[in-house]
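**Student:** In the numbering used here, the protein residues as written are 405 to 575.
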Amino acid sequence: EAYARWAGMLSGDHERLPLLYNGDFSGEPAGGFDWRVTRVAGVLIAFEPVAGSEGPVAYLRFLGRRVGASGLEHPLLLAPGSYRLHMRMRAQALHSESGLQWQIACDGPVNVIARSEPVDGSFGWRTEALSFDIPASGCPGQWLRLVNPTPEGAAQAVGGELWVDDMRIDR
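(1) Would ASP428 and ASP570 be called neighbours here (beta carbons separated by less than 7 Å)?
(2) Rounded to the nearest angstrom, how far is the Cβ of PRO522 from that of GLN505, given a contact under 8 Å?
(3) Helix, strand or coil for ALA561 per DSSP?
(4) My assumption, with CB atoms under 8 Å, is that HIS490 sits in contact with ASP574. Please give the rounded CB distance.
(5) Please state the DSSP three-state secondary structure of TRP567.
(6) Beta-carbon within less than 7 Å of ARG519's beta-carbon, same chain only, minus the 5 sequence neighbours each way: which residues are those?
(7) So, ALA473 versus VAL551, is the Cβ gap smaller than 7 Å?
(8) Just verifying my parser: in three-state terms, what is the DSSP assignment at VAL454?
(9) Quick one: measure Cβ to Cβ for SER526 and ALA483, integer angstroms, because I've assumed they're closer than 8 Å.
(10) Can you check the segment 500 to 541 for any beta strand (DSSP E) of at least 3 residues that lies completely inside it and give the ranges in chain order?
(11) Take GLU477 and list the residues in its own chain whose beta-carbon comes closer than 7 Å to its own, dropping the five residues that flank it on each side.
(12) Using DSSP with H/G/I as helix, E/B as strand and the rest coil, what is PHE429?
(13) When you compare each of PRO544, SER486, PRO433, HIS499 to LEU566 by their alpha carbons, which one comes out closest?
(14) Please list, in chain order, all residues of the same chain as GLY485 whose beta carbon is under 8 Å from its beta carbon, the five residues on each side excluded.
(15) By how many angstroms is the C-alpha of THR554 removed from the C-alpha of GLY503?
In structure tokens:
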């Protein structure tokens with residue numbers, strides 16, 4: 405019901421909404437079933453154009469402080485089945501104990517259902533994908549989050565920069 409209300413408020417002529425809304429970061433995150441940005445001490449997030457991309461990208465700068473989450477997340481409403489998350493990223497001097505990780509978690513009791521490979525180091529634009537399954541029960545809604553999987557403590561410090569663009573989910 406909340407998704408239907410949110411979708412009805414969108415301006416423009418939408419034939420079919422993508423499974424991951426605003427995955428190209430072309431619009432400022434507006435809440436609802438769009439990206440959500442929360443303040444996290446030690447993380448700066450901006451949406452700005454950069455060389456090598458057609459329009460704005462998500463830019464995250466980590467200041468070497470302990471962080472468990474990046475503050476960038478997206479609610480999802482996916483039906484049970486198999487999916488694939490696609491994304492394009494680049495990093496500069498990104499370092500943490502275990503690397504950062506994209507996670508898809510259920511809103512219900514199932515919790516984390518998919519984890520990406522660690523994102524760490526320095527690299528130019530590259531495309532990555534993550535396959536995952538939404539279970540038939542116990543997962544009424546989901547969250548896509550960029551997190552630091554390292555347990556709380558001194559090892560949880562993250563430094564460096566990450567750019568993210570062209571995110572989408574396909575069935």
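Just so it is clear, CB atoms sit at the ideal spot from N, CA and C, and this is done for glycine as well.
**Tutor:** According to the data block:
(1) Their beta carbons are under 7 Å apart, which means ASP428 touches ASP570 by this criterion.
(2) Confirmed, Cβ separation roughly 6 Å.
(3) Here ALA561 sits in strand by DSSP.
(4) For a cut-off of 8 Å, the C-beta gap from HIS490 to ASP574 is around 7 Å, short enough to register as a contact.
(5) In the three-state reduction of the DSSP assignment, TRP567 falls in the strand class, which pools E and B.
(6) GLN505, GLN507.
(7) Going by C-beta atoms, ALA473 is nearer than 7 Å to VAL551.
(8) DSSP places VAL454 outside both helix and strand once states are collapsed to three, so it counts as coil.
(9) At roughly 38 Å, the Cβ-Cβ gap does not stay under 8 Å, so SER526 and ALA483 are not in contact.
(10) 505 to 510, 516 to 519, 525 to 538, all fully within the segment 500 to 541.
(11) Excluding positions up to five away in sequence, the list reads ARG440, TRP547, LEU548, ARG549.
(12) Here DSSP, grouped into helix, strand and coil, assigns PHE429 to coil.
(13) Nearest of PRO544, SER486, PRO433, HIS499 to LEU566, Cα basis: HIS499.
(14) Result list for GLY485: ASP537, ILE538, ARG575, in chain order.
(15) Distance between the alpha carbons of GLY503 and THR554 is about 8 Å.
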